[in-house]
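Working notes for the structure below.
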Amino acid sequence: MFEVISLSFAFVFGLVARRIGLPPMVGFLVAGFAIHAVGPDLGLPDGSGAIFDQIAHLGVLLLLFAVGLKLRLGQLAQPQVFGGALIHSAITTAIFSVGLVVVLRLDWSTALLLGVVLSFSSTVFSAKVLEAKRDIGAFYGRTAIGILIVQDIIALGVLALYSGQAPSPWALAVLAALPFLRPVLHWLLDVSGHDELLVVAGMLLAVVVGGAGFEAVGLGAEIGALVMGLLLSTHPRAKELFDALWGLKEIFLVGFFLQIGMSGLPGLQDLTIALVLLVFLPLKGALFFALLLIFGLRARTAFLSAANLTAYSEFSLIVTAAVLPGWLVPLALAVSFSFVVAAPFDRLADRIFTRLEPRLKRFELRRVHRDELPTDLGVASVLILGMGRTGTAAYDRIEETFATVGVDADTYRVGGHTAVGRNVLFADVEDTAFWRGLRMAHVECVILAMDSVEAKESAARALRTKGFNGPIIAHALYEDHVLRLKTAGATHIYQTMNQAGIGLADQASRAIAVDRAPADFIEV
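Per this note's numbering, residue 3 is the first one in the sequence shown, and the count goes up by one each step.
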């Protein structure tokens, strides 16, 4: 009965949310409240809460492990990440604490703790949205995730301080041993193969080695899972492991969102507190925007990062449940409401920025930005947008004949390409400023090799708007994507799986022709 009720409610409410233009996760949150309200009447077992807790825990660990696979440790050391996270936490903690004391007459100790947890942004929500948009590797995505990691570290410190659960003496030894653990983890991934054993290896590293291992020494299971992913992020098969765990992670994360909704039905006071906290949510985003501008980012990068960080954190529920359980329901409601508001806002962030760009760009500092865009493609005849596996293969093949330049939004990927001599530039193709300032007089052909069909559509439209009349070649996974890309301006669409099948058939035909060819006769 547990699986019947939970899966049925999750699917129905998730489908409704999608049909009205919201992400399914919003429907899962509502499904959690519905299960809490009517589940017992439908025969939901009494121990279901513990099951949801365990499923949710696994989902969070797998998500953070997957995020770690996409990151680099050097990202945390950047000024806009470390400085932005610390300054934002300090300012928002002070504002929330004073407000709670003045408005709700709380004592300073309680108000300070609530101020700290309300300063956090949601790691799960942000990572989930970035993953859906395929922007975890983009500069703004890496910036947002880096800030969230710093916030999670602060949260662990707060939890240890208020609960008295300080890290064990072994914690320092574990941290010191991490550099020596990397070769062992890489070897483990090498010997795991490409089948179901790879999935089990990922689960082992995320849940057992990272989760249970770090939790045993008081460092936090979530941080442990993230660290395991970071240690493996430089492995050549990190993307393969990420893809292998994707579906499993998605299933477990449904339990996470159901769990938040099942934390309890709110009363009038809980609802009032949650709505008041929701009013202050835009201030969190505005402060992130201002700080990232101060640290030298462009307005678009700062806006997209801030939009991704504008949601209250599920980590605040973990801290509150351990230290202030009486506040769990209103904070769970505030977190749920923030997801409902932030989800459509984040999805439309690019369009919103485009409309507000003239006003927001006035706040940029007049100096070279950390995320400066290229303005000239030189004498390149072929432009390749997206330098993953497909784009790289296309680049290596065509640059033998034509001068070629590649563009990608992943700064680390760009660095890897330039290190081996490829002409690759950093830019986000969905950034209107990139197209507005770009000079591409010599470009005769453009290849769209990004993963996201939305990014391909945006790039094709931008190229046509800019006046480019040459061929635009793209690949598509699904039949319905073909029409979308042609409507946007692409001239040649190749369905990836169809072309792979045609290539195999051509190779088979050549092999048969070789076998049927008469043998050469040598006269003696």
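C-beta atoms are modelled at their ideal positions from N, C-alpha and C, and glycine is treated no differently. Values in this document were obtained by computation on a predicted structure and should not be read as measured data.
Residue 497 has 478 as its beta-bridge partners, per DSSP. The C-beta separation of residue 118 from residue 160 comes to about 5 Å, placing the pair in contact by the 8 Å criterion. Looking at the DSSP output, residue 449 sits in a beta bridge with 386, 475. Under the criterion of beta carbons closer than 8 Å, residue 226 and residue 212 qualify as touching, at roughly 4 Å. With a cutoff of 9 Å on beta-carbon distance, residue 408 and residue 426 are scored as near each other. Residue environment for residue 396: buried (at least 16 other C-beta atoms within 10 angstroms of its C-beta). Note: residue 123 is bridge-paired with 314 in the DSSP secondary-structure output. By the C-beta density criterion, residue 432 is buried, having at least 16 other C-beta atoms within 10 angstroms. Residue 364 is classed as exposed because its beta carbon has fewer than 16 other beta carbons within 10 Å across all chains shown.
Per DSSP, residue 226 lies in no beta strand (DSSP E); the unbroken alpha helix (DSSP H) holding it starts and ends at 223-234. Contact between the region 332-347 and the region 123-137 is established, with three or more Cβ pairs separated by less than 8 Å. Here residue 416 has 410, 426, 428 as same chain residues with Cβ atoms under 6 Å from its own Cβ, once five neighbours each way along the sequence are excluded. Looking at 36, 274, 20, 148, the one whose alpha-carbon comes closest to that of residue 79 is 148. Contact check for residue 106 against residue 333 fails: the beta carbons are separated by 9 Å or more. A direct Cα-to-Cα measurement between residue 82 and residue 236 gives close to 23 Å. Residue 140 is bridged by DSSP to 412. Close CB contacts of residue 468 within its chain, under the 7 Å cut and outside five residues either way in sequence, are with 437 (chain order). Secondary structure of residue 428 (DSSP, three-state): strand. Taking every protein chain shown into account, the CB of residue 111 has fewer than 16 other CB atoms within 10 angstroms, so this residue is exposed. Between the region 286-300 and the region 87-100 there are three or more C-beta pairs closer than 8 Å, enough to call the two in contact. When the alpha-carbon of residue 11 is set against those of 24, 362, 21, 33, the nearest one is in 33. Distances from the CA of residue 35 to each of 406, 283, 258 were compared; the closest alpha carbon is that of 258.
The alpha helix (DSSP H) runs lying completely inside the region 82-133 and spanning 4 residues or more are 110-121, given in chain order. Beta bridge pairing from DSSP links residue 378 with 441. Look at residue 219 here: in three-state DSSP terms it is coil, with no helix or strand label. Per DSSP, the unbroken alpha helix (DSSP H) holding residue 351 starts and ends at 351-362.
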